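In what follows, a structure is listed as structure tokens, so that the remarks can point back to it.
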Amino acid sequence: MKKLELSPSILGADFLHLGSQIEQVKNAGAKMLHFDVMDGIFVKSYSMGLPILKQLKHETGMLMDVHLMIVDPPRYAKEFGELSDIVTFHYEACDDVEEAIAAFRETGVKVGLAIKPRTDVRVLYPYLDKIDMALIMTVEPGFGGQQLIPETLDKVLELRSWCDRHQIDIDIQVDGGINRANFRPAYNSGANVIVAGTALFAGDVADNVKYFMAQEEDINNAE
Ligand code: DX5
Ligand code: ZN
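Numbers in our numbering are just positions in the sequence shown, counted from 1, shifted up by 7.
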């Protein structure tokens, strides 16, 4: 199984105490932060943008895992590319996916391609050798705090087995509704970069991070 990475979604954090919450996830062992960008068009909500990302990138020392839920993502390739470690944008938001991948690549950033829960996983297949990560949304994008849609994990399984059959070594991310109850099924289905917002920032943040990160060892020891 591929190495597990936990990507805490700061959309689920307490913004009045963002700095100390990030300190907590970092001290507990998380290396990445998931940063959701919404434009009010591709999804209904607005969330956060470049000024906050800039500060996080320069002051946290963590890897910036940026999820663009915006129309026509290449418009912002330069700005987000320069401030991110990986930028993931939506298949559904692009006129020309290949061109979009190339635009982000040009900035030197890693590239992820995302699909919404109702999009057929096979649309990703032509691009798998050109991207670093595929994101299978496990909720409809737009809001934190929703319930994971179980059928989306079947798509993760399908994608991981396609990749294995074709010797494609790629990260698969899941995002939305991940909690203690479904973390293992998500990892077992083949996702290795796991986003968690609401469930991670509720209660004891450090304990939640440690719990999620320990799943990898638990599962691998049980095998
Ligand atoms: C939803 C976002 C998610 C969200 C996840 O559109 O892409 O990253 O923050 O939050 P939870 O874990 O609360 O579903
Ligand atoms: Zn996200």
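For each residue, glycine too, the CB sits at the ideal point set by N, CA and C.
If you're wondering where the values come from, they're calculated on a predicted model, not measured in any experiment.
Quick one: grab the DSSP three-state call for residue i.
| i | result |
| --- | --- |
| K9 | coil |
| F190 | helix |
| G119 | strand |
| A100 | helix |
| T95 | strand |
| I143 | strand |
| P15 | strand |
Does the beta carbon of residue i fall short of 7 Å from some heavy atom of ligand 1?
| i | result |
| --- | --- |
| T126 | no |
| G149 | yes |
| T205 | yes |
| I156 | no |
| M69 | no |
| L18 | yes |
| I222 | In the sequence as presented, Ile is not what sits at residue 222; that position holds Gln. Outside the cutoff, so no. |
| M39 | no |
| G47 | no |
Give every residue of the same chain whose Cβ lies closer than 6 Å to the Cβ of residue i, excluding the five residues on either side of it in the sequence, and list them in chain order.
| i | result |
| --- | --- |
| S196 | L160, V163 and L164 |
| H97 | A121 |
Considering only heavy atoms of ligand 2, does any lie closer than 7 Å to the CB of residue i?
| i | result |
| --- | --- |
| H97 | no |
Residues in its own chain within less than 7 Å of residue i by CB, not counting five upstream and five downstream?
| i | result |
| --- | --- |
| G151 | S16, L18, G19, G204 and T205 |
Ignore the nearest five residues each way along the sequence and tell me which others in residue i's own chain have a CB closer than 8 Å to its CB.
| i | result |
| --- | --- |
| D21 | Q28 and F208 |
Query - For ligand 2, residues whose Cβ lies under 6 Å from any non-hydrogen atom - result: In chain order, the qualifying residues are S16, H41, D43, H74, D182 and V202.
**Report entry** Length-filtered (3 minimum) beta strand (DSSP E) runs lying within the segment 153–227
**Finding:** Whole beta strand (DSSP E) segments, 3+ residues: 178–182 and 200–203.
Requested in this report: Can you check the segment 30–64 for any beta strand (DSSP E) of at least 3 residues that lies completely inside it and give the ranges in chain order?
Outcome: Runs of the beta strand (DSSP E) inside the segment 30–64: 39–45.
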